[in-house]
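With our numbering applied, the sequence shown covers 1 to 153.
Notes for the one structure printed next.
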Amino acid sequence: MFIFELIPQPYWQILLALLLGSILGAQREYTGKAAGLRTYSLVAVGAALFTTISINGFNQFLVDASRYDPSRIASNVVVGIGFLGAGVIILRGVRVEGLTTAAGLWVSAGIGMAVGVEMYGLAIFTTILVFGVLEFLGKFDIEEWLLHKRRRF
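Right, dumping it as structure tokens:
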């Protein structure tokens, strides 16, 4: 008997969300950003948990199935992460810092939500894509190159 059969699916979903959030958080931790491994992991796990609860946790209380809307909790996860992201955005002089971290936390919640609704392929693909954006686009410093080109004209 496989261990997968012994542990219920929602628990595996939480573990997958933890793994995917940790991948993004480890990249941020390695680059020395404010929000790192623990923050990204917790955001992904929390989003997966709330989404799973939203889908499976209230069926016993249904009186009228036509009035059941599991997306309500998910939409509030998005709003809640917006507040968390706003807390990491800082204005220093004329520079705004923390936007990438805020966006990363937001997408980490989205990955957790995708896991919570069993869209595993989408969650994994998004994690790979976002990891690539965080890891590689920052090294090319495209924004500075574009600003430099604009200043010459």
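Where is the CB? At the ideal position from N, CA and C, for every residue including glycine.
With a 10 Å radius around the Cβ and a threshold of 16 neighbouring Cβ atoms, residue 9 comes out exposed. Residue environment for residue 39: buried (at least 16 other C-beta atoms within 10 angstroms of its C-beta). Nearest in C-alpha terms to residue 105, of all of 35, 57, 74, is 35. Between residue 140 and residue 131, the alpha-carbon positions lie close to 15 Å from each other.
Residue 102 is not a Cβ neighbour of residue 111, given a cutoff of 8 Å.
Using a Cβ-Cβ distance cut-off of 8 Å, the region 41 to 50 and the region 13 to 28 are in contact, since at least three pairs of beta carbons, one from each stretch, lie closer than that value. Per the coordinates, the alpha-carbon of residue 63 lies some 21 Å from the alpha-carbon of residue 74. Note on residue 51: 16 or more other CB atoms within 10 angstroms of its CB, so buried under the neighbour-count rule. Look at residue 144 here: in three-state DSSP terms it is helix. Closest in C-alpha terms to residue 138, from the list 76, 12, 60, 31, comes 31. DSSP places residue 91 in the uninterrupted beta strand (DSSP E) bounded by 90 to 92.
For residue 43, the secondary structure class from DSSP, reduced to helix, strand or coil, is helix. Linking residue 89 to residue 120 through their CA atoms gives a straight-line distance of about 30 Å. Annotation for residue 54: 70, 71, 72, 73, 74, 116 place their beta carbon closer than 8 Å to its own, counting only its chain and skipping 5 residues before and after.
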